[in-house]
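Chains as they are written, first to last, in our numbering: chain A, 237 to 607; chain B, 4 to 347.
Below is one structure; the comments refer to it alone.
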């Protein structure tokens, strides 16, 4: 396979709060190839949004990228290494701030935010904002930019774009505003668009329209997408490949069909179980038990073992990396030691629930961790 | 929901014009036209607005008469037509800075009699201690009050906006340094600060004005910072950052416009305060210098005649009062119109 458009390698983002260090993103790696739509799925607080913000280096204090490397189109957007004194520092390969702003943000990578109600400046007209972005990123004159803005509005399905050009954001409905944001992202013809839960705030009929629109536009422009969502339905609808995140780590990485039909990680399975499926009739949904632990104090061993129905004793001590567990191209990776690819004593280890019933002291063995 | 737009084009069943009316009434409070229509519905605010407009018109006309004509009189082309300082006033009536040939000093207003004689319609509000017409001098004093009040506020506003926006947007040590400086200025009494400024740079209306402007920077800076701190977290700011907009443009185009409403209200009220301060400085002799007419300096001169001829001090005092109250009423109305939480 050719070189990926975007390569995220062992990215670590931490937030230095008063209560301690929050490891929001803890060593994730994924690729996005040209023309691909890659999903990033997980519960709230899994670190999805932080991960995509880090791609554009939009993490703000007290947050910091403390490790890893992000490469875009052969250029290093950020590379952080740990110095001899233990402090992370940006290597010389890291792109300077000014260059990143001028060449990458908006021009090469655009981002669509979650809330269409909040992502447009209320004091300027929609057309004016769109025009400003185009002028800024494509070196157009004001008139050319205006024409381009109107044609972009038409492209994303805003009726009477000429008339709507001078309207303020509050005069648009949620779905219409999201279309405007998509127009804004597409207007600068970026090679990659990061969509951070763009349809979460919309109702399902509008969501479906937006997804259709995105697929349609993607076919036409060949833009790559990173699509952040917590909705498995959306994933099935539009993604080519999927990364499932749990507590700052990627637990499963697979082409979309494999993820749904040959689920390899218990967390993904639990996620799929907790949403209604048209092909199965169930009495009651089966949500994942408990809540996600705090990223400030993650559980030892596998981070999902506290909620995992298949957890065994060995899971409390080993935190598995994401390894290839299936055949095929693109590869199917999962971070669960129940698979043969991991040389861990999973099958010999007693199940956690059973261990508790038999009176074993779980905490004793949980004391020694490799974390 | 509005049904009048039912003929408008729809897409996928979604009506384009289909936005919530109540939501609009809250969020539409950003347009000038809307704000002014709100102010018009408020009689006190609208009254204040009318007084301000009237004073501004008077100020513009008298500025042309006093400053522009003085400038033009230097050139032969205009001078041969008789253009000179106070041309308009002299043509219509009399000079505001020179004694009229046929009057006595301290003549009372119409209908009142005092030791110097009977008030006449030639001088409806009476004459001052040098026989100059008080009404005319009040009219020409408006120029100083409005101009100085507005300019001093503008200096404070622009300075405060820069300091506050930078401080709030960047945070961290920049914020700490700028805000501690602002608080240091804030700790010194306003008038003392202005007097110190005049003492350092010279006794003139220009420095008095700049002094008042500089002294009001902390007030604006703190106000705008408090707004910027919340606005900078808004998603459109992050969206702009993600689109590669420079910090300077983010501050100018996204942060400041969205933080501006309370500052506008404060500025309107501040004009009133600045007028009082400048009048006070003129009263103390630090502001405008004679013979240029100004309300504060007229008040100052009238001190010696306050018991015998109280009208001499009443008129300029009344002018200051009316103007300042007008700015305050307008500012209050503006606050009501711009505050989205007050639904009137």
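Every residue, glycine too, gets a C-beta built ideally from N, C-alpha and C.
Considering only residues of the same chain and omitting the five flanking positions on each side of residue 277 (chain B), which have a CB-CB separation below 6 angstroms?
Correct list, in chain order: 152, 155, 156, 215.
Rounded to whole angstroms, what's the CA-CA distance from residue 540 (chain A) to residue 503 (chain A)? Just pull it up for me.
Each residue's Cα considered, the two are about 7 angstroms apart.
Do you know offhand how far residue 62 (chain B)'s Cα is from residue 55 (chain B)'s?
Taking the straight line from one Cα to the other gives about 10 angstroms.
On the three-state DSSP scale, how would you describe residue 481 (chain A)?
Residue 481 (chain A): strand per DSSP, three-state reduction.
Please report the distance separating the alpha-carbon of residue 142 (chain B) from that of residue 269 (chain B).
Distance between the alpha carbons of residue 142 (chain B) and residue 269 (chain B): 27 angstroms.
Measure the CB-CB distance between residue 333 (chain A) and residue 361 (chain A) and report whether it falls below 8 angstroms.
No, the pair does not count as a contact, with Cβ atoms beyond the cut-off.
I need the straight-line Cα distance from residue 422 (chain A) to residue 583 (chain A), nearest angstrom please.
Approximately 50 angstroms, taken between the alpha carbons.
Count the other C-beta atoms from every protein chain shown that fall within 10 angstroms of the C-beta of residue 324 (chain B), then say buried if there are 16 or more, exposed otherwise.
Label assigned to residue 324 (chain B): exposed.
Would DSSP call residue 504 (chain A) helix, strand or coil?
Reduced to three states, the DSSP call for residue 504 (chain A) is helix.
Here's the rule I'm using: 16 or more other beta-carbon atoms within 10 Å means buried, otherwise exposed. How should residue 286 (chain A) be labelled?
By the 10 Å Cβ count, residue 286 (chain A) comes out buried.
Mapping the DSSP letters down to three states, classify residue 687 (chain A) as helix, strand or coil.
Outside the displayed span of chain A (237 to 607) sits residue 687 (chain A), for which this structure offers no information.
Once you ignore the five residues that flank residue 319 (chain A) on each side, which residues in its own chain have a CB closer than 6 angstroms to its CB?
Closer than 6 angstroms at the Cβ level, and outside the excluded window around residue 319 (chain A), lie 325.
Where residue 350 (chain A) and residue 229 (chain B) are concerned, what is the direct C-alpha to C-alpha distance, given to the nearest angstrom?
Between residue 350 (chain A) and residue 229 (chain B), the C-alpha separation is close to 26 angstroms.
If we cut at 8 angstroms on Cβ distances, does residue 402 (chain A) have a partner in chain B?
No, residue 402 (chain A) lies away from the interface with chain B (no Cβ there is under 8 angstroms from its Cβ).
Using a Cβ-Cβ cutoff of 7 angstroms, what residues of the segment 254-265 of chain B are near chain A? List them in chain order.
Hits within the stretch, in order: 257, 260, 261.
By how many angstroms is the C-alpha of residue 113 (chain B) removed from the C-alpha of residue 129 (chain B)?
Roughly 7 angstroms between the two C-alpha positions.
Excluding five sequence neighbours on each side, which residues of the same chain lie with their C-beta closer than 8 angstroms to the C-beta of residue 107 (chain B)?
Excluding residues within five positions, the ones whose Cβ falls inside 8 angstroms are 119, 120, 130, 134.
Mind checking who residue 314 (chain A) pairs with in its DSSP beta bridge?
A:306.
Give the secondary structure of residue 236 (chain B) by DSSP, where H, G and I count as helix, E and B as strand, and everything else as coil.
If DSSP states are grouped into helix, strand and coil, residue 236 (chain B) belongs with coil.
Given 7 angstroms as the limit, tell me if residue 187 (chain B) has its C-beta closer than that to any heavy atom belonging to the ligand HEM.
This structure does not include the ligand HEM; it has no bound ligands of any sort.
Quick check: is the beta carbon of residue 247 (chain B) nearer than 8 angstroms to any beta carbon in chain A?
Interface residue, yes.
Out of A:268, A:545, A:500, which has the shortest C-alpha to C-alpha gap to residue 561 (chain A)?
Out of A:268, A:545, A:500, A:500 has the C-alpha closest to the C-alpha of residue 561 (chain A).
Tell me which residues of the segment 113-126 of chain B have at least one Cβ-Cβ distance to chain A shorter than 9 angstroms, keeping chain order.
Against chain A - using a Cβ distance shorter than 9 angstroms - the segment 113-126 of chain B contributes no residues.
For the beta strand (DSSP E) containing residue 347 (chain A), list its first residue and its last residue.
345-348 is the extent of the beta strand (DSSP E) around residue 347 (chain A).
For residue 87 (chain B), which residues in chain A fall below 9 angstroms Cβ to Cβ?
Going along chain A, no residue has its Cβ under 9 angstroms from residue 87 (chain B), so there is no contact; the nearest lies around 47 angstroms.
Does the distance from the CB of residue 304 (chain A) to the CB of residue 316 (chain A) come in under 8 angstroms?
Yes. Within cutoff.
With a threshold of 8 angstroms, are at least 3 pairs of Cβ atoms found where one atom belongs to the segment 186-197 of chain B and the other to the segment 239-249 of chain B?
Too few Cβ pairs lie closer than 8 angstroms, so no.
Return the CA-CA distance between residue 549 (chain A) and residue 538 (chain A), expressed in angstroms with no decimal places.
Approximately 11 angstroms, taken between the alpha carbons.
Short of 8 angstroms in beta carbon distance, which residues of its chain neighbour residue 341 (chain A), apart from the five on each side in sequence? Order them along the chain.
Only 292 meet the Cβ criterion.
Considering only the beta carbon of each residue, do residue 51 (chain B) and residue 329 (chain B) sit closer than 8 angstroms?
Yes, the pair counts as a contact, with Cβ atoms nearer than the cut-off.
Just tell me which of A:490, A:445, A:288 has its CA closest to the CA of residue 568 (chain A).
The shortest C-alpha separation from residue 568 (chain A) is found at A:490.
Among the residues of its own chain, which have a CB less than 6 angstroms from the CB of residue 300 (chain B), if the five just before and after it don't count?
Closer than 6 angstroms at the Cβ level, and outside the excluded window around residue 300 (chain B), lie 285, 291.
Using the three-state DSSP reduction, which class does residue 93 (chain B) fall into: helix, strand or coil?
Residue 93 (chain B) falls in the helix class under three-state DSSP.
Look at the Cβ atom of residue 437 (chain A), then the Cβ atom of residue 331 (chain A), and state whether they are nearer than 8 angstroms.
Contact: no.
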